[in-house]
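Residue numbers (the numbering used here): 1 to 131.
In this text, a Cβ means the ideal position worked out from N, Cα and C, and glycines have one as well.
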Amino acid sequence: MARVKCGLILLVVLFLGLLTAGSVTASPQQKGTSILTGVVLGPDDKPVPHASVTYQSSGGNAPHAVHTDAKGRFTVTQLRADNYDLRASANGIFSEWEKNVNVRPRQTKTITLTLIYAKAMPKATAKSSKH
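What follows is the structure, given as structure tokens:
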């Protein structure tokens, strides 16, 4: 009977250990210590208020978006050290992607994103219908 009791206790301890290990791997990513800040400028080189700034790690992980303030400035805090890709948009106008922006631990990186007009609008394709 003592052996059965010890065996049950051992199984419970192992089971609890597995549960604890599983919950550690399922926890959300740790927040980082880096900051990415900048300004979005329009085609006229003036700050763009309320523009959307999309950013993600260069590997395509964890896409997010923030908006600029009334003076066209944005700030992303608590970033993990990594390479990031960023792009801004407002009123149907986009910036080029800024690729592989390297952010180091405890670093504040500043970037300027400039909205540009497309050189050519994509042509609409009309489907022909046969009656």
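{"query": "8 Å contact criterion, which T37 and V53 should meet: CB distance rounded", "result": "Rounded, the Cβ-Cβ distance is 10 Å, inconsistent with contact."}
{"query": "Inter-residue CB distance, V48 and F74 (contact presumed, cutoff 8 Å)", "result": "10 Å between Cβ atoms; not a contact."}
{"query": "Sequence-distant residues of its chain with Cβ nearer than 7 Å to V66 (five each side left out)", "result": "V53, F74, V76"}
{"query": "Own chain, CB closer than 8 Å to H64, minus 5 neighbours either side, in chain order", "result": "T54, Y55, Q56, V76"}
{"query": "Buried/exposed call for S58, threshold 16 Cβ in 10 Å", "result": "exposed"}
{"query": "According to DSSP, residues forming a beta bridge with S57", "result": "Y84"}
{"query": "Candidates V103, A51, S34, K31, of which the one nearest N91 by Cα", "result": "A51"}
{"query": "Assigned exposure category for T72 - 16 Cβ within 10 Å defines buried", "result": "The residue you asked about is not Thr; residue 72 is Gly in the sequence shown. Buried is the call here."}
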